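Residue numbers (numbering that gives the first Met the number 0): 0 to 189.
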Amino acid sequence: MRKKEPKRWGIIFVTLFIALSMILSIFAIVLDNQNNQLKYNGYKFSLTNEGYKVKVNDKIHTFKYYPSQLEIFNLSDDTKKLLSESVALAMVFNPNSSIDDLAYIDYARFSFDEKIDKPVYFALTKESESYSLPVLGCENATSEIPFLLFNISTDTSIFTDGNCIVLNAKLLDIIAVEERIAYQMLGIMR
C-alpha cells in the first residue's frame with residue numbers, strides 16, 4: 000500500500016496543477032478582453048454581443064462590421080463628394096425583391112437612419128401594396144438629395160451613376176454596403 004500512495008499524491012498534484020492552470024488562464028482571458036479595444040483612424044471600437052460599438056460626436060453607434068472588413072468597397076471621389084455635400088439622402092429599393100433580401104434592406108435602412116445626422120427618406124422603384132412609399136428612380140436624384148439605390152446582385156459593389164449611388168448586394172452583403180456608406184458619412188472611413 001505504501002507504494003501506491005506516492006503515485007496517488009502525484010496524480011492529485013498533477014490534477015490540481017492542471018485545474019489551477021486552466022482557471023488562471025480563464026481569468027487572464029476575461030481580464031484581457033475587458034480592456035481589449037480596437038482602433039481605426041483614431042476611433043476606439045469595442046466588440047460586444049451586439050456588434051462593434053464606436054462613439055462619434057457623443058453618440059454611440061453599433062455596427063455589424065469592423066471598418067477594415069469593408070475596405071474592399073472603394074468609394075470614388077464622386078461618391079464621397081455626393082455624400083459629404085448632400086443635405087439629405089433617399090434610400091430606394093425594389094419592393095419585389097425576395098423576402099430575405101427585403102428583410103436585410105429594411106434592417107439596413109432603419110439602421111442607417113439611426114446613424115446618420117442628415118434626414119433620410121425612403122422610396123420604391125415600383126408600386127407596392129406592402130409599402131406605402133413614393134415611387135422614384137435615379138432620374139429623380141439630385142446633388143442635394145442623392146439616392147442610395149439597393150440593387151439586388153451577387154456582385155457586391157458600390158458605384159455612382161450621376162446623383163445615384165448604386166449599392167449592389169444581396170442578403171447579408173446589403174448590411175455591409177450600408178455600413179460602408181455610414182462609416183464614410185460619420186468620418187470613420189475616408
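Just so it is clear, CB atoms sit at the ideal spot from N, CA and C, and this is done for glycine as well. Treat the numbers as computed from the prediction; the structure is a model and nothing was measured.
According to DSSP, residue i sits in a beta bridge with which residue or residues?
i: Val55; result: Lys58
i: Leu123; result: Phe92, Val134
i: Lys38; result: Lys43
i: Leu148; result: Val91, Val165
i: Asp160; result: Cys163
If distances are taken between C-alpha atoms only, which option among the options comes closest to residue i?
i: Asp112; options: Leu123, His60, Thr124, Cys137; result: His60
i: Val257; options: Lys79, Leu166, Leu185, Thr124; result: Here the chain comprises residues numbered 0 to 189, so residue 257 is not present and cannot be evaluated.
i: Gln183; options: Ile151, Ser131, Asp77; result: Asp77
i: Phe109; options: Phe62, Lys54, Lys52; result: Phe62
i: Asn95; options: Thr124, Gln36, Gly186, Lys52; result: Thr124
i: Glu49; options: Lys38, Lys114, Ile104, Tyr64; result: Tyr64
i: Asp160; options: Asp172, Asn139, Leu171; result: Asn139
i: Glu126; options: Ile104, Gly41, Thr141, Phe92; result: Phe92
i: Ser152; options: Ile104, Asn40, Ser83; result: Ile104
Give the secondary structure of residue i by DSSP, where H, G and I count as helix, E and B as strand, and everything else as coil.
i: Asp105; result: helix
i: Phe111; result: helix
i: Asn48; result: coil
i: Asp100; result: helix
i: Asp154; result: coil
i: Val86; result: coil
i: Tyr182; result: helix
i: Glu177; result: helix
Around the C-beta of residue i, are 16 or more other C-beta atoms found within 10 angstroms, so that it is buried, or is it exposed?
i: Ala181; result: buried
i: Thr47; result: exposed
i: Leu74; result: buried
i: Leu191; result: Since the first residue of the chain shown is 0 and the last is 189, residue 191 is not available in this structure.
i: Met188; result: buried
i: Asp99; result: exposed
i: Pro133; result: exposed
i: Leu69; result: buried
i: Ile174; result: buried
i: Ala168; result: buried
i: Glu178; result: buried
i: Leu101; result: buried
i: Asp57; result: exposed
i: Val29; result: With a pLDDT of 45 at Val29, under the threshold of 50, the modelled position of that residue is not reliable, and no figure is offered here.
i: Ile234; result: The structure shown does not extend to residue 234, since the chain spans only 0 to 189, so no value can be given for it.
i: Asp116; result: exposed
Say the cut is 7 angstroms; is the CB of residue i nearer than that to a heavy atom of the ligand PLP?
i: Val165; result: With respect to the ligand PLP, the structure shown offers nothing to examine, as it has no ligands at all.
Looking at C-beta atoms only, is the number of pairs between the stretch 135-152 and the stretch 77-94 that lie closer than 8 angstroms three or more?
yes
| query | Okay, do the stretch 154-169 and the stretch 116-131 touch, 3+ Cβ pairs below 8 angstroms being the bar? | reply | no
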